[in-house]
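Participant: Residue numbers (the numbering used here): 271 to 779.
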């Protein structure tokens, strides 16, 4: 099959091309056999009749191909067969449930799909900080096993922001940006005011129900589990591994969703196989109640006995929603997406964030041209007791780590910023080493070592900060290292915070 269908690309195009290749190949083989069976002695009329039959066969096979392609397409696109019942206006616009994918690689087959709906806020946008928090300490392997789907309404505004602030996450496919068809939303002008909410709030919560439903529809074919988030949260370090471990613990038990935050709909994890049922319920009552109330009603419908008391009902519902503690997501937004609303909500089970990570590093003398802030010294950061916080870096500023004795350094890792102050990073900053052997310096200067570029004062440039992190291996050809230097190449607009310093795999004598 692979020989006839070309490259084994993932997704609909591969399946479609393979089906077409299969039909075309079998048709060609059939025509070849027919032509081989027709001898020169056959009359022209007989030959034309044979060709006519073969053309009819080709038409039949093509029709089969079209049906197969349609079935494949239905499996790959988000589906909610009853959506037109609850949103009858969709019947007038074919394809209005199909998402518009603005950014991303259409990644599938991951463990976790994170849904982040965002809308324009009049006072302050938290989206980039939220995404940076989610990406903060994901390993390379974890980044390949997750996709963050951002649902946007104001597309033009956010596309440029995400391209600029998170280019690698966008290019690699970790982040996708989608929006619905302009025909997806119904007319909100005829909504009934319920529960004492004014018309504007009823419209806001109704649209939120539809936004979350659309995200879930899109997510159901992308991974194993779906996590509902908001655009104004921070994530606890290591949230990915914590979630996977907890899922493994309760995998064989009965549950509808897992709670990784106690606030509203934040941090609710579902099996993607359950999303069609959940979405249908949300769409059925999208005009009636807020989405967190609707989720609770699903539990009531599934397990509560009307003939028993509230305590029994709550106990039964608790079986279907499992709360993980401490919470992995904290709400940080002050200005709600509902204009004029202030919401200073905090999850009391979230606890304190880890603001630095300590490692054992070899003895060294430390110096820097950066002015420290309060007690956040470079020495405390190097020894793993605190983070270093320095005032605004300028071009030529540096951090210098001079080992007491030369070291065989196999790798390095520096993280700037932390989960609460992620913007205070090193920008346009290189990592440089000073080899102990002068002949090595000469080889680098002459371009004889492809691993590195020469810098000043005998230092050799081996890497740079990217998205606040500098990590890499040190080529063995450099030999023992006398010092490591972080060198700033342009003025910064923000302070800098160094939260992790690790010299990986030091070979001790």
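Don't be surprised by glycine CBs; every beta carbon is placed ideally from N, CA and C.
Quantities reported herein were computed from a predicted structural model and do not represent experimental measurements.
1) Using 8 Å as the Cβ pair cut-off and three pairs as the minimum, do the segment 617 to 635 and the segment 552 to 561 touch?
2) In this structure, what does DSSP give as the bridge partners for residue 459?
3) If distances are taken between C-alpha atoms only, which option among 435, 482 and 439 comes closest to residue 421?
4) According to the neighbour-count rule (16 or more other Cβ atoms, all chains shown, within 10 Å of its Cβ), is residue 501 buried or exposed?
5) By the 10 Å Cβ neighbour count, where 16 or more other Cβ atoms means buried, how is residue 478 classified, buried or exposed?
6) Within the continuous beta strand (DSSP E) that includes residue 519, where are the two ends?
7) Express the C-alpha separation of residue 380 and residue 618 in angstroms, rounding to a whole number.
8) Could you spell out the range, first to last residue, of the beta strand (DSSP E) harbouring residue 755?
9) Can you have a look at residue 513 and say buried or exposed, based on whether 16 or more other CB atoms are within 10 angstroms of its CB?
10) Tell me where the beta strand (DSSP E) around residue 594 begins and ends.
11) How far does the beta strand (DSSP E) with residue 659 in it reach, from first residue to last?
12) Between 711, 751 and 647, which lies nearest to residue 770 when the distance is taken from Cα to Cα?
13) Roughly how many angstroms separate the alpha carbons of residue 767 and residue 453, rounded to a whole number?
14) Please state whether the Cβ-Cβ distance between residue 594 and residue 524 is less than 8 Å.
15) In this structure, how does DSSP classify residue 400 when only helix, strand and coil are distinguished?
16) Where residue 761 and residue 657 are concerned, what is the direct C-alpha to C-alpha distance, given to the nearest angstrom?
17) So residue 710 packs on residue 749, CB below 8 Å; how close in whole Å?
18) Using the C-alpha atoms, what's the distance from residue 408 back to residue 720?
19) Select from 668, 494 and 660 the residue whose C-alpha is nearest the C-alpha of residue 644.
20) Does the separation of the CB atoms of residue 386 and residue 419 fall below 8 Å?
21) Does the Cβ of residue 377 have 16 or more other Cβ atoms within 10 Å, making it buried, or fewer, making it exposed?
22) Can you give me the C-alpha to C-alpha distance between residue 520 and residue 538, rounded to a whole angstrom?
23) May I ask which residues mark the beginning and end of the alpha helix (DSSP H) holding residue 428?
24) Whole angstroms is fine: what's the gap from residue 576's alpha carbon to residue 532's?
25) Taking the beta strand (DSSP E) that residue 476 falls in, what are its first and last residues?
26) Cα separation between residue 509 and residue 755?
27) With distance defined between alpha-carbon atoms, name the residue in 573, 561, 374 and 410 nearest to residue 589.
28) With DSSP run on the structure shown, which of helix, strand or coil describes residue 413?
29) Can you find at least 3 beta carbon pairs, one from the segment 461 to 473 and one from the segment 393 to 402, that sit closer than 8 Å?
Facilitator: Inspection of the coordinates gives the following:
1) Judged by Cβ distances under 8 Å, the segment 617 to 635 makes no contact with the segment 552 to 561, as fewer than three pairs qualify.
2) For the purposes of this step, residue 459 is taken as the residue at position 189 of the chain shown. DSSP links residue 459 through a beta bridge to no other residue.
3) Within the chain shown, residue 421 is the residue found at index 151, counting from 1. By alpha-carbon distance to residue 421, the top candidate from 435, 482 and 439 is 482.
4) Position 231 of the chain shown, counted from the first residue, corresponds to residue 501. Buried, since its Cβ has 16 or more Cβ neighbours within 10 Å.
5) Position 208 of the chain shown, counted from the first residue, corresponds to residue 478. Buried, by the Cβ-count rule.
6) As a working mapping, residue 519 is identified with position 249 in the chain shown. For residue 519, there is no enclosing beta strand (DSSP E); the enclosing alpha helix (DSSP H) covers residues 509 to 520.
7) Translated into positions along the chain shown, residue 618 becomes position 348. Translated into positions along the chain shown, residue 380 becomes position 110. Near 31 Å, if we compare the C-alpha coordinates of residue 380 and residue 618.
8) Here residue 755 refers to the residue found at position 485 of the chain shown. DSSP places residue 755 inside the beta strand (DSSP E), whose first and last residues are 751 to 758.
9) Translated into positions along the chain shown, residue 513 becomes position 243. Residue 513 comes out buried.
10) Translated into the one-based positions of the chain shown, residue 594 becomes position 324. Element bounds for residue 594: n/a, residue is neither H nor E.
11) Counting from 1 along the chain shown, the entry for residue 659 is found at position 389. Residues 658 to 660.
12) Within the chain shown, residue 770 is the residue found at index 500, counting from 1. Among 711, 751 and 647, the Cα nearest to that of residue 770 belongs to 647.
13) As a position in the chain shown, residue 767 is number 497, starting the count at 1. As a position in the chain shown, residue 453 is number 183, starting the count at 1. Computed Cα separation, rounded: 46 Å.
14) For the purposes of this step, residue 594 is taken as residue 324 along the chain shown, with counting starting at 1. For the purposes of this step, residue 524 is taken as residue 254 along the chain shown, with counting starting at 1. Inclusion of residue 594 and residue 524 in the CB contact set at 8 Å is not warranted, their separation being larger than that value.
15) Here residue 400 refers to the residue found at position 130 of the chain shown. Residue 400 falls in the helix class under three-state DSSP.
16) As a first step, residue 761 is located in the chain shown; it is residue number 491 there, counting from the start. As a first step, residue 657 is located in the chain shown; it is residue number 387 there, counting from the start. Residue 761 and residue 657: Cα-Cα distance of roughly 22 Å.
17) As a position in the chain shown, residue 710 is number 440, starting the count at 1. As a position in the chain shown, residue 749 is number 479, starting the count at 1. Yes, residue 710 and residue 749 are in contact; Cβ-Cβ is about 6 Å, under 8 Å.
18) The residue you call residue 720 lines up with position 450 of the chain shown. The residue you call residue 408 lines up with position 138 of the chain shown. Taking the Cα positions, residue 720 is about 30 Å away from residue 408.
19) Here residue 644 refers to the residue found at position 374 when the chain shown is read from its first residue. Selected option, being the one with the closest Cα: 660.
20) Within the chain shown, the letter at position 116 stands for residue 386. Within the chain shown, the letter at position 149 stands for residue 419. At the C-beta level, residue 386 and residue 419 come within 8 Å of one another.
21) Mapped onto the chain shown, residue 377 falls at position 107. Counting the other CB atoms within 10 Å of its CB gives residue 377 a total of 16 or more, which places it among the buried residues.
22) Your numbering for residue 520 matches position 250 in the chain shown. Your numbering for residue 538 matches position 268 in the chain shown. Roughly 15 Å between the two C-alpha positions.
23) Along the chain shown, one-based indexing puts residue 428 at 158. Looking at the DSSP string, the run of the alpha helix (DSSP H) that includes residue 428 is 425 to 435.
24) The residue given as residue 576 occupies position 306 in the chain shown. The residue given as residue 532 occupies position 262 in the chain shown. Approximately 27 Å between the Cα atoms of the pair.
25) Mapped onto the chain shown, residue 476 falls at position 206. Note, residue 476: premise wrong, no beta strand (DSSP E); alpha helix (DSSP H) at 469 to 489.
26) On the chain shown, residue 509 is found 239 positions in, with the first residue counted as 1. On the chain shown, residue 755 is found 485 positions in, with the first residue counted as 1. Cα to Cα, the separation comes out at about 32 Å.
27) Taking the first residue of the chain shown as 1, we reach residue 589 at position 319. Comparing Cα positions, the closest option is 573.
28) Working through the chain shown from its first residue, we reach residue 413 at position 143. DSSP places residue 413 in helix when its eight states are reduced to three.
29) With a cut-off of 8 Å, the segment 393 to 402 and the segment 461 to 473 do not count as touching, because too few Cβ pairs lie within range.
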